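In full-length UniProt numbering, the protein residues as written are 1 to 145.
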């Protein structure tokens with residue numbers, strides 16, 4: 001990783017059997033978000049649970065979710081991977097991201113994020129698994145946004 005940098009941590013992970021890129025790891029988000037376009041492309045046979053609350057962005061903008069769903073999330077590779085069932089709020093707005101992985105998922109994985117090292121690390125038994133950030137993709141998303 002070239003340093004110094006201020007890039008966001010963007011990873012790829014498996015969600016319910018699908019490889020999903022452009023997952024923004026956001027320690028400032030109190031919810032996990034999956035954008036409807038991504039969920040639709042996954043072609044999963046799921047029903048959304050109604051959600052009767054809005055999400056608010058850092059600028060105060062309000063978004064009404066379509067609902068919520070739970071998906072299996074796999075982080076890491078090989079024998080250093082970890083699987084957790086993660087609850088996502090589904091929103092139908094344009095985004096350069098497919099998923100925002102917030103504090104609830106990070107806590108479920110007992111994950112520690114380092115933007116400096118562009119890595120997300122988590123315990124797997126007595127070992128440590130990791131998801132590596134994709135710096136080029138992070139910069140591309142930043143430029144588009």
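For every residue, glycine included, the Cβ atom is placed at its ideal position computed from N, Cα and C.
The model shown is predicted, which means the values in this text are computed figures rather than measured ones.
1. Pair every Cβ in the stretch 27 to 40 with every Cβ in the stretch 78 to 89, then say whether three or more of these pairs are closer than 8 Å.
2. Distance check for residue 109 and residue 127, CA to CA, integer angstroms please.
3. Taking 9 Å as the threshold (C-beta atoms), are residue 13 and residue 74 in contact?
4. Relative to the C-alpha of residue 22, which candidate in 48, 114, 78, 101 has its C-alpha closest?
5. With H, G and I counted as helix, E and B as strand and the rest as coil, what does DSSP make of residue 81?
This is what the structure holds:
1. yes
2. 13 Å
3. yes
4. 101
5. coil
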